[in-house]
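First up is the structure itself, then whatever we jot down about it.
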Amino acid sequence: AFVYSTKAHAKILSIDASDALKQEGVHRFFSAEDLTEEQNKAGPVFHDEFVFVKDIVTTQGQIIGAIVAENQTIAQRAARKVKVTYEELQPVIVTLEDAIRLESFYPGFPRVIAKGDVEKALSEADVVIEGDCRMGGQEHFYLETQACLAVPKDSDEIEVISSTQHPTEIQHHVAQTLGIPASKVVSRVKRLGGGFGGKESRAAIVAIPVALAAHRLGRPVRCMLDRDEDMAVSGTRHPFYFHYKVGVSREGKLVAGDFRAYNNAGHSMDLSFAVLERSMFHIQNAYRIPHLRVRGWVCRTNLPSNTAFRGFGGPQGMMVAETMMRHVARTLNRDYIELIELNMYREGDTTHYNQQIDGCNVSKCWNEVLQSADFAKRREAVEKFNVEHRWRKRGIHVVPTMFGIAFTVLHLNQSGALIHVYQDGTVLLSHGGTEMGQGLHTKMIQVAATALGIPFDRIHISETSTDKVPNTSATAASAGSDLNGTAVLNACLSIRERLEPFRKEFPDKDWNFWVSKAYFSRVSLSATGFYATPDLGYDFGTNSGKAFNYYTYGAACSEVEIDCLTGDHQVIRTDIVMDLGSSINPAIDIGQIEGGFMQGYGLFTLEEMVYSPQGLVFSRGPGMYKLPGFADIPGEFNVSLLTGAPNPRAVYSSKAVGEPPLFLASSIFFAIRDAITAARKEENLTEEFTLISPATSSRIRTACQDKFVKRFASQESNGQEAIRCVPWNVMP
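Add 743 to the 1-based position in the sequence shown for the working numbering, that's all there is to it.
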């Protein structure tokens, strides 16, 4: 059990574990005193975290020490008896607004992507529009919390069984902290009870102390966080703030865009730089803006370190694009559908990061969903409903998506596989990806079975382990099937090549016979496969290169109904069309689309992380955090895959599916905004209004201004002092 900091910014004056160590069943208390300065370093890429914080705590929930006991109950009880005294420090920075005001940025920023002459194009534009976009974070809420079991072996070896998306990173961290070679650390993963990015880098905060305890005590040690612990310490999706300034022609053609992006990293960098970069790559979503500049900052705050989450900054970047497009449409008094179709990317267009778009199917998805959803007819029905109902309003909205597929850090775009064929003809397959419910192992078996020409049930995948496939990349960036699938295919092709002489000599025989002949002919029946995505690599300095291997496209239409008096809403119907190339497994892919959409639905409407102004996480379980449930699924939910669109850039012409569907749930957010707009018209409120994501029931109700509600003044007015209050919670 861990001892956590209870202050967001403070100096540790003393740590007293004497009472804890007196408890029966307690074996040891570990802290920074048990490690050298080098061993105590942690964190991906920048190593700006500590296994155990020693001097200055910079967030509540930072790990100060660990109690090792006979069982979890004893350990947790003892951990509460460790006395830590502090001297509180200032400032405590929680919100993006405070971080920007105090210029609390990490070094090396802003990052800049710029194309064309933005200033000149804005000055010459017929209309210039400015606005802001704000998005909150999101808790991963995987069903299995962060967990690890470490088992010491002979000769300083150790086996670490961790709930992680990145076994190799766990291997490296454990080796670093224990001061042993990576070759003596075996990092294994059978399966995860969900990950969604939250176990890409943050799994190490549990795995390292557990491995340290097992190594020092010479016995197996296990730890699994309670839900409230996990939510308090493991970080969330990054909250973002954007400012945009866009120039358009009178016809509605986008001419120029100037964007500023800020994300809330928390107390350490983690992967926040890469999350920011992906948001900058996706800031235009599916629209061509000839002159575009985006500048991005990573903000340092006194919150738990935020981390990877499905979409990895992409949904936040695309959200500002869609917000901007609708702002333009309202300003020009034009239908947003027309503006989207006028500005949508076409085949051969070039992005603001100078990548040419090949196989551009976004307009195909868009047109197909408009037709399949019967959008025009249903839009008229929604308008009729709104005229007839005062306190219930409906909205219907369509949103496209264009999601780039690849790790934006070049060296991560590689993978490996290992295949063993046994004498009975069965196959043991290993690859570098982790199975976390997304069906990766199933797809890899399909790839291998197709390549080898044998039934699926002849192939078995046991686990993911660093002693089978080394130097793996995280199962992330929606690239699990692309990378590992091609590595598996390459390994299988090696086996096929070795069996080919026996196939030719005995064409009427079967797989088992060929395998047996190969064995008795002393032919190796083991093979490795490797794959590195070709033609990738982007340079921020020159704004050149290729950031993504290809794009996954899609479009969604959603209809909602809101209760203007309570802020409640229901999703009546959603239609989705996705371009997934030639799907390896349509059942899995459609399931991923549905699941990703519902997770996005939570992001844009229900899931709100609540913090105190002092940095305390209030959202510590399902009682304080609203997740989508069965009743929140659209009443009618139609998902279809675009046909006739093979993808030559991935295994068997398939496409990635994990992250791209998530942003399509913003169609619900914008449909809610349309419904609110209809409600406000009843009160003759036609001016611009702000709706922050997530569009919770309280925000919906507040936006539907009527005779029953009145906003408090936020500043002095007419010489009278405005009503002021100190908030009990803040948006990070």
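Every residue gets a Cβ at the ideal spot worked out from N, C-alpha and C, and that includes glycine.
No experiment lies behind these values; they were computed from the predicted model shown.
Check, Outcome
"By how many angstroms is the C-alpha of Asp777 removed from the C-alpha of Arg1241?", "53 Å"
"Following the continuous beta strand (DSSP E) through Glu873, name the residue where it begins and the one where it ends.", "Val870 to Met878"
"Quick one: what does DSSP say Glu1111 is sitting in, helix, strand or coil?", "helix"
"For Asp860, which of helix, strand or coil comes out of DSSP?", "coil"
"What does the Cβ neighbour count give for Glu767, buried or exposed, with the cut at 16 atoms within 10 Å?", "exposed"
"Evaluate Pro1404 with the Cβ neighbour count: other Cβ atoms within 10 Å of its Cβ, from every protein chain shown; 16 or more gives buried, anything less gives exposed.", "buried"
"Under the three-state reduction of DSSP, which class applies to Thr1144: helix, strand or coil?", "strand"
"Pick out whichever of Ala954, His1070, Gly880 and Leu1183 has its Cα sitting closest to the Cα of Pro1058.", "Gly880"
"Where does Phe1263 land, buried or exposed, given buried means 16+ other C-beta within 10 angstroms?", "exposed"
"Three or more beta-carbon pairs under 8 Å between the region 1220-1238 and the region 1155-1165, yes or no?", "yes"
"Name the two residues that bound the continuous alpha helix (DSSP H) containing Trp1134.", "Neither: Trp1134 is in no alpha helix (DSSP H) and is coded neither H nor E."
"Would you kindly report the start and end of the unbroken alpha helix (DSSP H) that includes Glu1302?", "Run containing Glu1302: none in the alpha helix (DSSP H); it sits in the beta strand (DSSP E), Tyr1293 to Asp1306."
"Fully enclosed by the region 1180-1233, which alpha helix (DSSP H) runs are 4 residues long or longer?", "1183-1195"
"Per DSSP, which one or two residues make a beta bridge with Lys1289?", "Gly1280"
"May I ask you to verify whether the region 955-963 touches the region 990-999, counting CB pairs closer than 8 Å and requiring at least 3?", "no"
"Over the uninterrupted alpha helix (DSSP H) stretch that includes Trp1471, give me the two end residues.", "Neither: Trp1471 is in no alpha helix (DSSP H) and is coded neither H nor E."
"Assign Ala1275 to one of two classes, buried (16 or more other C-beta atoms within 10 Å of its C-beta) or exposed (fewer than that).", "exposed"
"Take Ser757 and list the residues in its own chain whose beta-carbon comes closer than 6 Å to its own, dropping the five residues that flank it on each side.", "Thr828"
"Measure the C-alpha to C-alpha separation of Pro895 and His909 and round it to an integer number of angstroms.", "20 Å"
"Quick one: grab the DSSP three-state call for Ser1460.", "Because the pLDDT of Ser1460 is 49, which lies under 50, any placement of that residue in the model is unreliable, and the number read from its coordinates should be weighed accordingly. DSSP places Ser1460 in strand when its eight states are reduced to three."
"Between which two residues does the alpha helix (DSSP H) harbouring Met703 extend?", "In this structure the chain extends from 744 to 1475, so residue 703 is not present and cannot be described."
"Can you find the residues in the same chain that come closer than 7 Å, C-beta to C-beta, to Ser1326, ignoring five residues on each side of it along the sequence?", "Asp1332, Leu1384 and Ser1397"
"Let's see if you can read the secondary structure: which residues bound the alpha helix (DSSP H) around Glu1084?", "Tyr1079 to Asn1086"
"In terms of residue numbering, what span does the alpha helix (DSSP H) encompassing Ile951 cover?", "Ala947 to Leu960"
"Is it the case that the region 1036-1055 contacts the region 1067-1084, given that we only count it when at least three CB pairs across the two stretches are under 8 Å?", "no"
"Need the endpoints of the alpha helix (DSSP H) that Arg820 sits in, please.", "Gln815 to Ala822"
"Would Thr1309 be called buried (16 or more neighbouring beta carbons within 10 Å of its own) or exposed?", "exposed"
"According to DSSP, is Tyr717 part of a helix, a strand, or is it coil?", "This structure leaves residue 717 out entirely; the chain is present only between 744 and 1475."
"Taking 7 Å as the threshold (C-beta atoms), are Ser1011 and Ser1048 in contact?", "yes"
"Just to check my reading of the structure: Ala1029 and Met1087 have Cβ atoms closer than 8 Å, yes? What is that Cβ distance to the nearest angstrom?", "6 Å"
"Judging by CA-CA distance, which residue of Cys1235, Ser1216 and Asp1167 is the nearest neighbour of Ala1194?", "Cys1235"
"May I ask you to report which of helix, strand or coil DSSP gives Phe1016?", "helix"
"Look at the Cβ atom of Cys1300, then the Cβ atom of Ala1116, and state whether they are nearer than 7 Å.", "yes"
"For the alpha helix (DSSP H) containing Met1068, list its first residue and its last residue.", "Gly1057 to Leu1075"
"Who does Met1341 pair with in a DSSP beta bridge?", "According to DSSP, Met1341 bridges with nothing at all."
"On the CB-based measure, 16 or more other CB atoms within 10 Å of its CB, does Asp1417 come out buried or exposed?", "buried"
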